[in-house]
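Just so you know, the sequence shown maps onto residues 148 to 274 in my numbering.
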Amino acid sequence: MPDAVLVSLIIGMSNLVPIVGPIVGCIPTTLIVMMKSPIQGLWFLALVILLQQLENNILSPKIIGDSVGIGGLWVMIAIIIGGGFFGVGGMIIAVPTMGVIYHLFAEYINNKYDDKRYSSLIDDDKR
Numbered sequence: 148m149p150d151a152v153l154v155s156l157i158i159g160m161s162n163l164v165p166i167v168g169p170i171v172g173c174i175p176t177t178l179i180v181m182m183k184s185p186i187q188g189l190w191f192l193a194l195v196i197l198l199q200q201l202e203n204n205i206l207s208p209k210i211i212g213d214s215v216g217i218g219g220l221w222v223m224i225a226i227i228i229g230g231g232f233f234g235v236g237g238m239i240i241a242v243p244t245m246g247v248i249y250h251l252f253a254e255y256i257n258n259k260y261d262d263k264r265y266s267s268l269i270d271d272d273k274r
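What follows is the structure in structure tokens.
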């Protein structure tokens, strides 16, 4: 890879900026690589797009879901629904809201399960 240190520095620094950082970093680095070798530049662009998709659609939801206490699939669903109804603001508040809803629903289900288990024990004692 030509100018690997420069390319990796630009990509790494631009990834610190949320949402637009990876796009802004990809454009100049792809041009730098394409100046040396157009074919390698296309491969580089494909690799950056693949890595960004993996990070944004698999890795980030998993990390966020673990920190909030919900699964990665629920994080993606929350972001899609929140963004669809309320735009960018909805995307920001969607994950914590989904975490609260998930927690309340889990408590409700656990209480129902405990009530059924204890009520069956009480019924058995009456017999």
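We put the beta carbon where it would ideally sit given N, CA and C, even for glycine. Remember, predicted model here, so these are calculated numbers, not experimental data.
Nearest Cα to residue 192 within the set 148, 250, 258 and 247: 148.
When the five nearest sequence neighbours on each side are left out, no beta carbon in the same chain lies closer than 6 Å to the beta carbon of residue 152.
Taking a cut-off of 8 Å on C-beta distances, the region 235-242 touches the region 213-227, as three or more cross pairs fall below it. As the crow flies, the alpha-carbon of residue 246 is around 43 Å from that of residue 179.
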